[in-house]
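Participant:
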């Protein structure tokens, strides 16, 4: 209710799609839950609610996570996935971000700001039950999923210090990149990255729309066939009733 009454929600979140949300994420300058005496929601929390409303496909969320140059979009996607994803997907797609050391500004409840790195935030997502004033769904421990053979054991970057025969690196999970120790400059121009991502999402969304149109056309054809079948059955029933009526009339006349 607080979010729906907030001016940012009314003015900036109305009509937002999976594509246009990128522009809103680019203009974020902090993350956070609620702040101040009135417990006003942050812009970050408003965009999380918008994601929960539009429910982008998993492919789109993963595409958000790939954007190492758009750190607030990446964190938005990570938090959204923590809220809605399966345990396997959460570990699969969030653990690679544990080697992303880009800094985030965090708006605290008292209105002050603090700094946190993305790897710290992701670690909190994997361990905490409440984060940014939001209750998180229960997440089974990694060891539980490993015992159930649902995910592979995680390879630590420290293992190479204890094994002289082979050099092990960080886990390479599908379709995600890490930024290592590199930090994005606050003055970096993200225009090309945003444009490229929006073009990719446009293609995907167009593909989804085409699939929906094809399904609607197929459903419409099936509906027409059913209606035609009902009309034919009705005509046959009417014909039988007329024939029966004529036979009864002929019987009475005789």
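Numbering (our numbering), first residue to last: 19 to 272. Cβ atoms here follow ideal geometry from the backbone N, Cα and C, with glycine treated the same way. These numbers were taken from a predicted model, which means no experiment stands behind them.
#1: Going by other Cβ atoms of all chains shown within 10 Å of its Cβ, with 16 needed for buried, is residue 19 buried or exposed?
#2: Just curious, the beta strand (DSSP E) that residue 123 is in, first and last residue?
#3: By the DSSP assignment, the beta strand (DSSP E) with residue 135 in it spans what residues?
#4: Rounded to the nearest angstrom, how far is the Cβ of residue 119 from that of residue 100, given a contact under 8 Å?
#5: Roughly how many angstroms lie between the CA atoms of residue 140 and residue 96, to the nearest whole one?
#6: Residue 149 and residue 157 - do their beta-carbons sit closer together than 9 Å?
#7: For the putative contact between residue 125 and residue 26, defined by C-beta atoms under 8 Å, what is the C-beta separation to the nearest angstrom?
#8: Under 6 Å Cβ to Cβ from residue 29, same chain only, skipping five residues before and after it: list those, please.
#9: Rounded to a whole number of angstroms, what is the C-alpha to C-alpha distance between residue 81 and residue 66?
#10: Just to confirm the assignment: which complete alpha helix (DSSP H) runs, minimum length 4, are found wholly within the region 62–108?
#11: Report the partner residues of residue 52 according to the DSSP bridge assignment.
#12: Counting C-beta neighbours from all protein chains within 10 Å, is the total for residue 253 16 or more, i.e. buried, or is it exposed?
Facilitator: Let me lay it out:
#1: On the chain shown, position 1 is the one that residue 19 refers to. Per the 10 Å Cβ criterion, exposed.
#2: As a first step, residue 123 is located in the chain shown; it is residue number 105 there, counting from the start. 121–125 is the span of the beta strand (DSSP E), which, as asked, contains residue 123.
#3: Working through the chain shown from its first residue, we reach residue 135 at position 117. Where residue 135 is concerned, the enclosing beta strand (DSSP E) stretches over 131–135.
#4: Taking the chain shown and counting its residues from 1, one reaches residue 119 at position 101. Taking the chain shown and counting its residues from 1, one reaches residue 100 at position 82. With 8 Å as the limit, residue 119 and residue 100 do not qualify as a contact, their Cβ atoms being about 19 Å apart.
#5: Reading the chain shown from its first residue, position 122 is the one you call residue 140. Reading the chain shown from its first residue, position 78 is the one you call residue 96. Each residue's Cα considered, the two are about 7 Å apart.
#6: Residue mapping note: residue 157 aligns to position 139 of the chain shown, counting from 1. Residue mapping note: residue 149 aligns to position 131 of the chain shown, counting from 1. No.
#7: Start at 1 with the first residue of the chain shown, and residue 125 comes out as number 107. Start at 1 with the first residue of the chain shown, and residue 26 comes out as number 8. Going by Cβ atoms, the distance from residue 125 to residue 26 rounds to 13 Å, so no, they are not a contact pair.
#8: For the purposes of this step, residue 29 is taken as the residue at position 11 of the chain shown. Nothing listed; no residue qualifies.
#9: Here residue 81 corresponds to residue number 63 of the chain shown, with the count starting at 1. Here residue 66 corresponds to residue number 48 of the chain shown, with the count starting at 1. The alpha-carbon atoms of residue 81 and residue 66 are separated by roughly 16 Å.
#10: 76–84, 89–102
#11: As a first step, residue 52 is located in the chain shown; it is residue number 34 there, counting from the start. Answer is 59, bridged to residue 52.
#12: The residue labelled residue 253 in the question sits at position 235 within the chain shown. When all chains shown are included, residue 253 counts as exposed.
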